[in-house]
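Taken in order, the sequence shown gives residues 16 to 349; the numbers are from my numbering. Every residue, glycine too, gets a C-beta built ideally from N, C-alpha and C.
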Amino acid sequence: MAEAEVKSESVGTVVVAGVANLSIAAAKLVAGLISGSAAMLSEAVHSVADTTTEVLLYLALRRGARPADTRHPFGYGKESYVWAFLAALFTFVVGAGFAITHGVTTILVHQHTGNYLVSYIVLVVSFAIESVSLARAVRQIRRESRRWRATPRRYLRLTADTTVKAVFMEDTAALIGLLIAGVGLGLSELTGEELYDGIASILIGVLLLIVATILARSNVSLLVGRAVSERVHRQIERELETLPTVDRVHTLMTMLLGPDDILVAAKVDFHNDATGADIEAAADEAERRLTERFPEIGYVFLDPTRSMPGTDRGRARHHQNEGDPPPDQQTDSF
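Spelled out as C-alpha coordinates, the structure:
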(Lines of atoms letter the chains of each structure in order from A and count residues from 1; the text may use other names and numbers.)
(Lines give C-alpha, C1' and ligand atoms only; values in the text may rest on other atoms or scores of the structure.)
Protein backbone atom coordinates (compact mmCIF):
# COMPACT_ATOMS: atom_id res chain seq x y z
CA MET A 1 0.00 0.00 0.00
CA ALA A 2 1.41 3.39 -0.98
CA GLU A 3 2.23 5.97 1.67
CA ALA A 4 -0.50 8.33 0.43
CA GLU A 5 -3.03 5.49 0.67
CA VAL A 6 -1.97 4.72 4.23
CA LYS A 7 -2.42 8.38 5.23
CA SER A 8 -5.79 8.51 3.49
CA GLU A 9 -6.90 5.34 5.27
CA SER A 10 -5.83 6.76 8.65
CA VAL A 11 -7.81 9.94 7.97
CA GLY A 12 -10.84 7.85 7.02
CA THR A 13 -10.53 5.77 10.19
CA VAL A 14 -10.40 8.92 12.33
CA VAL A 15 -13.35 10.55 10.54
CA VAL A 16 -15.54 7.44 10.86
CA ALA A 17 -14.69 7.19 14.57
CA GLY A 18 -15.40 10.90 15.10
CA VAL A 19 -18.82 10.82 13.43
CA ALA A 20 -19.75 7.68 15.35
CA ASN A 21 -18.69 9.17 18.69
CA LEU A 22 -20.53 12.44 18.08
CA SER A 23 -23.84 10.73 17.35
CA ILE A 24 -23.39 8.34 20.26
CA ALA A 25 -22.54 11.18 22.67
CA ALA A 26 -25.81 12.95 21.89
CA ALA A 27 -27.85 9.77 22.40
CA LYS A 28 -26.09 8.92 25.67
CA LEU A 29 -26.56 12.44 27.00
CA VAL A 30 -30.30 12.33 26.36
CA ALA A 31 -30.56 8.89 27.94
CA GLY A 32 -28.48 9.99 30.94
CA LEU A 33 -30.59 13.08 31.54
CA ILE A 34 -33.84 11.12 31.24
CA SER A 35 -32.75 8.22 33.44
CA GLY A 36 -30.47 10.11 35.82
CA SER A 37 -27.93 7.29 35.52
CA ALA A 38 -24.38 8.19 36.53
CA ALA A 39 -22.97 5.49 34.26
CA MET A 40 -24.90 6.82 31.26
CA LEU A 41 -23.78 10.40 31.90
CA SER A 42 -20.21 9.17 32.29
CA GLU A 43 -20.53 7.31 29.01
CA ALA A 44 -21.86 10.50 27.39
CA VAL A 45 -18.79 12.43 28.58
CA HIS A 46 -16.67 9.47 27.47
CA SER A 47 -18.05 9.84 23.92
CA VAL A 48 -17.61 13.64 24.02
CA ALA A 49 -13.98 13.10 25.02
CA ASP A 50 -13.54 10.58 22.21
CA THR A 51 -15.09 13.00 19.70
CA THR A 52 -12.72 15.76 20.79
CA THR A 53 -9.88 13.27 20.54
CA GLU A 54 -10.80 12.44 16.95
CA VAL A 55 -10.77 16.17 16.09
CA LEU A 56 -7.29 16.50 17.57
CA LEU A 57 -6.13 13.34 15.78
CA TYR A 58 -7.46 14.74 12.51
CA LEU A 59 -5.40 17.88 13.15
CA ALA A 60 -2.43 15.64 13.93
CA LEU A 61 -2.70 13.91 10.56
CA ARG A 62 -3.18 17.13 8.60
CA ARG A 63 -0.51 19.24 10.28
CA GLY A 64 1.98 16.38 10.51
CA ALA A 65 1.69 15.74 6.77
CA ARG A 66 2.91 19.22 5.78
CA PRO A 67 6.01 19.12 3.54
CA ALA A 68 9.46 20.04 4.76
CA ASP A 69 10.66 23.63 4.47
CA THR A 70 13.80 25.61 5.29
CA ARG A 71 12.88 25.99 8.97
CA HIS A 72 11.82 22.35 9.33
CA PRO A 73 14.01 20.37 6.93
CA PHE A 74 12.79 17.02 8.26
CA GLY A 75 9.13 17.96 7.92
CA TYR A 76 6.38 18.30 10.50
CA GLY A 77 5.83 14.64 11.33
CA LYS A 78 6.59 15.04 15.03
CA GLU A 79 3.88 17.70 15.36
CA SER A 80 1.33 14.93 14.91
CA TYR A 81 2.54 13.47 18.22
CA VAL A 82 1.97 16.80 19.96
CA TRP A 83 -1.70 16.83 18.95
CA ALA A 84 -2.07 13.14 19.76
CA PHE A 85 -0.58 13.79 23.21
CA LEU A 86 -3.08 16.62 23.78
CA ALA A 87 -5.86 14.23 22.79
CA ALA A 88 -4.70 11.72 25.40
CA LEU A 89 -4.43 14.49 27.99
CA PHE A 90 -7.99 15.63 27.24
CA THR A 91 -9.28 12.08 27.74
CA PHE A 92 -7.33 11.84 31.00
CA VAL A 93 -8.57 15.11 32.50
CA VAL A 94 -12.09 15.50 31.15
CA GLY A 95 -13.34 11.98 30.47
CA ALA A 96 -11.78 10.14 33.40
CA GLY A 97 -12.09 13.06 35.80
CA PHE A 98 -15.82 13.49 35.24
CA ALA A 99 -16.60 9.77 35.33
CA ILE A 100 -14.83 9.13 38.62
CA THR A 101 -16.09 12.31 40.29
CA HIS A 102 -19.67 11.75 39.16
CA GLY A 103 -19.54 8.12 40.21
CA VAL A 104 -18.46 9.03 43.74
CA THR A 105 -21.16 11.72 43.94
CA THR A 106 -23.79 9.24 42.77
CA ILE A 107 -22.85 6.74 45.46
CA LEU A 108 -23.06 9.42 48.14
CA VAL A 109 -26.08 11.55 47.25
CA HIS A 110 -27.75 10.79 43.89
CA GLN A 111 -31.25 9.39 43.50
CA HIS A 112 -32.04 7.48 40.32
CA THR A 113 -35.26 8.37 38.46
CA GLY A 114 -35.88 4.71 37.67
CA ASN A 115 -36.33 5.10 33.89
CA TYR A 116 -34.03 2.39 32.55
CA LEU A 117 -35.51 1.40 29.18
CA VAL A 118 -34.15 4.34 27.18
CA SER A 119 -30.68 3.73 28.60
CA TYR A 120 -30.71 0.09 27.53
CA ILE A 121 -31.80 1.03 24.01
CA VAL A 122 -29.03 3.63 23.69
CA LEU A 123 -26.43 1.18 25.03
CA VAL A 124 -27.37 -1.43 22.43
CA VAL A 125 -27.38 1.05 19.54
CA SER A 126 -24.09 2.60 20.73
CA PHE A 127 -22.49 -0.84 20.94
CA ALA A 128 -23.43 -1.53 17.32
CA ILE A 129 -22.08 1.82 16.06
CA GLU A 130 -18.83 1.53 18.05
CA SER A 131 -18.35 -1.98 16.67
CA VAL A 132 -18.46 -0.62 13.10
CA SER A 133 -15.82 2.00 13.93
CA LEU A 134 -13.62 -0.58 15.68
CA ALA A 135 -13.94 -3.00 12.76
CA ARG A 136 -12.52 -0.39 10.40
CA ALA A 137 -9.56 0.25 12.70
CA VAL A 138 -8.93 -3.49 13.04
CA ARG A 139 -8.93 -3.95 9.25
CA GLN A 140 -6.34 -1.21 8.88
CA ILE A 141 -4.18 -2.70 11.64
CA ARG A 142 -4.28 -6.13 10.03
CA ARG A 143 -3.34 -4.78 6.60
CA GLU A 144 -0.47 -2.76 7.99
CA SER A 145 0.80 -5.62 10.17
CA ARG A 146 0.91 -7.90 7.11
CA ARG A 147 2.85 -5.23 5.21
CA TRP A 148 5.42 -5.14 8.01
CA ARG A 149 5.30 -8.95 8.42
CA ALA A 150 4.38 -8.54 12.08
CA THR A 151 1.62 -9.77 14.33
CA PRO A 152 -1.22 -7.23 14.76
CA ARG A 153 -0.46 -7.03 18.47
CA ARG A 154 3.20 -6.18 17.91
CA TYR A 155 2.39 -3.73 15.14
CA LEU A 156 -0.11 -1.96 17.40
CA ARG A 157 2.47 -1.70 20.19
CA LEU A 158 5.32 -0.36 18.05
CA THR A 159 3.61 1.57 15.25
CA ALA A 160 4.44 5.24 14.84
CA ASP A 161 0.92 5.86 13.48
CA THR A 162 -0.58 6.89 16.81
CA THR A 163 -3.87 7.89 15.20
CA VAL A 164 -4.97 4.38 14.30
CA LYS A 165 -3.61 3.17 17.64
CA ALA A 166 -5.68 5.78 19.48
CA VAL A 167 -8.86 4.96 17.53
CA PHE A 168 -8.43 1.23 18.21
CA MET A 169 -7.84 1.70 21.93
CA GLU A 170 -10.63 4.27 22.35
CA ASP A 171 -13.19 2.15 20.48
CA THR A 172 -12.17 -0.91 22.48
CA ALA A 173 -12.49 1.05 25.71
CA ALA A 174 -15.86 2.39 24.53
CA LEU A 175 -17.22 -1.13 24.02
CA ILE A 176 -15.94 -2.23 27.42
CA GLY A 177 -17.39 0.92 28.96
CA LEU A 178 -20.80 0.19 27.43
CA LEU A 179 -20.75 -3.30 28.92
CA ILE A 180 -19.79 -1.88 32.33
CA ALA A 181 -22.58 0.69 32.13
CA GLY A 182 -25.09 -2.00 31.17
CA VAL A 183 -24.08 -4.20 34.07
CA GLY A 184 -24.22 -1.27 36.49
CA LEU A 185 -27.67 -0.25 35.30
CA GLY A 186 -28.94 -3.82 35.44
CA LEU A 187 -27.72 -4.38 38.99
CA SER A 188 -29.15 -1.04 40.13
CA GLU A 189 -32.53 -1.91 38.63
CA LEU A 190 -32.58 -5.41 40.14
CA THR A 191 -31.44 -4.39 43.62
CA GLY A 192 -32.71 -0.83 43.83
CA GLU A 193 -29.22 0.17 45.00
CA GLU A 194 -27.66 3.22 43.36
CA LEU A 195 -24.27 1.91 44.49
CA TYR A 196 -23.80 -0.26 41.38
CA ASP A 197 -24.51 2.60 38.97
CA GLY A 198 -21.94 4.75 40.77
CA ILE A 199 -19.36 1.94 40.78
CA ALA A 200 -19.90 1.48 37.02
CA SER A 201 -19.20 5.18 36.50
CA ILE A 202 -15.98 4.96 38.51
CA LEU A 203 -14.85 1.88 36.57
CA ILE A 204 -15.45 3.71 33.29
CA GLY A 205 -13.26 6.54 34.60
CA VAL A 206 -10.49 4.11 35.56
CA LEU A 207 -10.71 2.56 32.08
CA LEU A 208 -10.25 5.98 30.51
CA LEU A 209 -7.28 6.67 32.78
CA ILE A 210 -5.58 3.49 31.59
CA VAL A 211 -6.15 4.25 27.89
CA ALA A 212 -5.05 7.89 28.25
CA THR A 213 -1.88 6.90 30.13
CA ILE A 214 -0.88 4.31 27.50
CA LEU A 215 -1.43 6.75 24.63
CA ALA A 216 0.35 9.60 26.41
CA ARG A 217 3.42 7.47 27.11
CA SER A 218 3.55 6.29 23.50
CA ASN A 219 3.40 9.85 22.15
CA VAL A 220 6.01 11.13 24.61
CA SER A 221 8.37 8.34 23.51
CA LEU A 222 7.90 9.33 19.86
CA LEU A 223 8.35 13.03 20.62
CA VAL A 224 11.63 12.34 22.38
CA GLY A 225 12.86 10.44 19.31
CA ARG A 226 12.20 6.70 19.26
CA ALA A 227 14.20 4.31 17.08
CA VAL A 228 12.75 1.62 14.86
CA SER A 229 12.29 -1.85 16.33
CA GLU A 230 15.35 -3.98 16.97
CA ARG A 231 14.50 -6.39 14.17
CA VAL A 232 14.05 -3.65 11.56
CA HIS A 233 17.29 -2.13 12.88
CA ARG A 234 19.13 -5.38 12.16
CA GLN A 235 17.61 -5.64 8.68
CA ILE A 236 18.79 -2.13 7.83
CA GLU A 237 22.25 -2.98 9.12
CA ARG A 238 22.40 -6.14 7.01
CA GLU A 239 21.45 -4.18 3.89
CA LEU A 240 24.30 -1.75 4.54
CA GLU A 241 26.83 -4.49 5.29
CA THR A 242 26.10 -6.27 1.99
CA LEU A 243 27.17 -3.24 -0.04
CA PRO A 244 30.22 -4.23 -2.16
CA THR A 245 32.61 -1.59 -0.80
CA VAL A 246 31.53 -1.74 2.87
CA ASP A 247 33.76 -3.48 5.38
CA ARG A 248 31.42 -3.09 8.34
CA VAL A 249 28.85 -0.80 9.92
CA HIS A 250 30.44 0.76 12.96
CA THR A 251 27.41 2.64 14.33
CA LEU A 252 23.80 2.67 13.14
CA MET A 253 21.14 5.01 14.49
CA THR A 254 17.52 5.43 13.43
CA MET A 255 14.72 7.78 14.42
CA LEU A 256 10.99 7.89 13.72
CA LEU A 257 10.40 11.43 12.43
CA GLY A 258 6.68 10.89 11.98
CA PRO A 259 4.09 8.21 11.22
CA ASP A 260 5.60 7.64 7.76
CA ASP A 261 9.15 9.00 8.00
CA ILE A 262 12.28 7.23 9.22
CA LEU A 263 15.77 8.70 9.44
CA VAL A 264 18.79 6.40 9.07
CA ALA A 265 22.30 7.56 9.99
CA ALA A 266 25.35 5.30 10.06
CA LYS A 267 29.11 5.44 10.52
CA VAL A 268 30.42 3.06 7.86
CA ASP A 269 33.91 1.61 7.48
CA PHE A 270 34.58 1.23 3.75
CA HIS A 271 37.30 -0.92 2.22
CA ASN A 272 40.70 0.74 2.34
CA ASP A 273 40.98 0.71 -1.46
CA ALA A 274 37.55 2.32 -1.99
CA THR A 275 37.74 5.54 -4.01
CA GLY A 276 35.61 8.60 -3.57
CA ALA A 277 33.52 7.50 -6.55
CA ASP A 278 33.05 4.06 -4.95
CA ILE A 279 31.81 5.64 -1.72
CA GLU A 280 29.39 7.89 -3.59
CA ALA A 281 28.04 4.92 -5.55
CA ALA A 282 27.67 2.92 -2.33
CA ALA A 283 25.72 5.76 -0.69
CA ASP A 284 23.34 5.93 -3.66
CA GLU A 285 22.92 2.16 -3.65
CA ALA A 286 22.28 2.13 0.11
CA GLU A 287 19.50 4.68 -0.26
CA ARG A 288 17.97 2.78 -3.17
CA ARG A 289 17.99 -0.55 -1.32
CA LEU A 290 16.65 0.79 1.96
CA THR A 291 13.85 2.88 0.46
CA GLU A 292 12.87 -0.02 -1.76
CA ARG A 293 12.58 -2.35 1.21
CA PHE A 294 11.18 0.23 3.64
CA PRO A 295 9.31 3.02 1.76
CA GLU A 296 8.92 4.89 5.07
CA ILE A 297 12.67 5.65 5.11
CA GLY A 298 12.95 9.25 3.99
CA TYR A 299 16.55 10.10 4.86
CA VAL A 300 19.75 8.04 4.67
CA PHE A 301 23.05 9.53 5.85
CA LEU A 302 26.33 7.58 5.67
CA ASP A 303 29.44 8.87 7.40
CA PRO A 304 32.65 7.18 6.11
CA THR A 305 34.80 6.43 9.14
CA ARG A 306 37.79 4.33 10.03
CA SER A 307 37.13 1.79 12.79
CA MET A 308 39.69 1.82 15.55
CA PRO A 309 40.96 -1.45 17.02
CA GLY A 310 39.04 -2.54 20.08
CA THR A 311 35.97 -0.37 19.40
CA ASP A 312 32.55 -1.83 20.03
CA ARG A 313 31.23 -2.72 16.62
CA GLY A 314 27.76 -1.37 16.03
CA ARG A 315 27.36 -0.14 19.58
CA ALA A 316 23.94 1.34 18.75
CA ARG A 317 22.82 -1.90 17.18
CA HIS A 318 21.95 -3.58 20.46
CA HIS A 319 19.90 -0.73 21.87
CA GLN A 320 16.35 -2.00 22.13
CA ASN A 321 13.13 -0.04 22.14
CA GLU A 322 11.42 0.33 25.46
CA GLY A 323 9.32 -2.77 26.02
CA ASP A 324 10.95 -4.86 23.26
CA PRO A 325 11.56 -8.52 24.10
CA PRO A 326 15.12 -9.88 23.85
CA PRO A 327 16.23 -10.44 20.23
CA ASP A 328 16.07 -14.23 20.56
CA GLN A 329 12.38 -13.96 21.48
CA GLN A 330 11.37 -11.75 18.55
CA THR A 331 9.59 -13.66 15.82
CA ASP A 332 8.47 -11.03 13.33
CA SER A 333 9.88 -8.20 11.28
CA PHE A 334 8.31 -5.09 12.78
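| Query | Result |
| --- | --- |
| Alpha-carbon spacing of LEU255 relative to ARG241, whole angstroms | 21 Å |
| Residue from ALA296, ILE312, GLY220 and GLY51 with nearest C-alpha to ILE115 | GLY220 |
| Secondary structure of VAL34, DSSP reduced to three states | helix |
| N- and C-terminal bounds of the alpha helix (DSSP H) containing PRO274 | First-last for PRO274: undefined, no H or E at that position. |
| Cα-Cα separation between ASP275 and ILE312, rounded to whole angstroms | 8 Å |
| Neighbourhood of VAL261 by C-beta distance below 7 Å, restricted to the same chain and skipping five residues each side | LEU255, VAL283, PHE285 and ALA297 |
| Inter-residue spacing [alpha-carbon to alpha-carbon] between SER38 and VAL137 | 11 Å |
| Classification of ARG246 by the beta-carbon crowding that lies within 10 angstroms, buried from 16 upward | buried |
| Run of the beta strand (DSSP E) containing ASP176, from where it starts to where it stops | Premise fails: ASP176 is in no beta strand (DSSP E) and is neither H nor E. |
| C-alpha gap between ARG168 and ASN287, whole angstroms | 45 Å |
| Euclidean distance between Cα positions of ALA99 and VAL70 | 10 Å |
| Buried/exposed call for PHE316, threshold 16 Cβ in 10 Å | exposed |
| Of the residues ILE156, TYR211, SER141 and ALA280, the one placed nearest ALA188, counting alpha carbons only | SER141 |
| For ARG81 and LEU210, the rounded distance between their alpha carbons | 50 Å |
| Which of helix, strand or coil DSSP assigns to ARG77 | helix |
| Three or more C-beta pairs below 8 Å linking the region 177–192 and the region 220–231 | yes |
| Cα-Cα separation, THR257 to ARG158 | 30 Å |
| Beta-carbon gap between HIS61 and GLY118 smaller than 8 Å | no |
| C-alpha distance - THR206 paired with ALA64, whole-angstrom precision | 31 Å |
| Alpha-carbon to alpha-carbon, TYR170 and PRO340 | Because the pLDDT at PRO340 is just 46, under 50, the model does not fix this residue reliably, and the point stays unresolved. |
| Distance between beta carbons of GLY33 and LEU272, contact taken as under 8 Å | Between GLY33 and LEU272 the Cβ distance is about 26 Å, and since that is not below 8 Å, they are no contact. |
| Where ASP284 falls: helix, strand or coil (DSSP) | strand |
| ALA292 versus TYR314, MET270 and PRO259, residue with shortest Cα-Cα distance | PRO259 |
| Distance between HIS248 and PRO319 (C-alpha atoms, nearest Å) | 19 Å |
| Per DSSP, cross-strand counterpart(s) of ILE312 | ILE277 |
| Element boundaries [alpha helix (DSSP H), containing GLY90] | It is not in any alpha helix (DSSP H) - GLY90 carries neither H nor E in the DSSP assignment. |
| Distance, ARG253 Cα to ARG328 Cα | Confidence is the limiting factor: at ARG328 the pLDDT is only 44, short of 50, which leaves the residue's position unreliable and the question unanswerable from this model. |
| Assigned secondary structure, THR116 (DSSP; H/G/I helix, E/B strand, else coil) | helix |
| Three-way DSSP call (helix, strand, coil) for ASP299 in this model | helix |
| Reduced DSSP secondary structure (H/G/I, E/B, other) of VAL243 | coil |
| Beta-carbon spacing of THR68, GLY213 below 8 Å | no |
| Pairwise C-alpha distance: THR28 and THR66 | 13 Å |
| CB contact flag (LEU237, TYR96, <8 Å) | yes |
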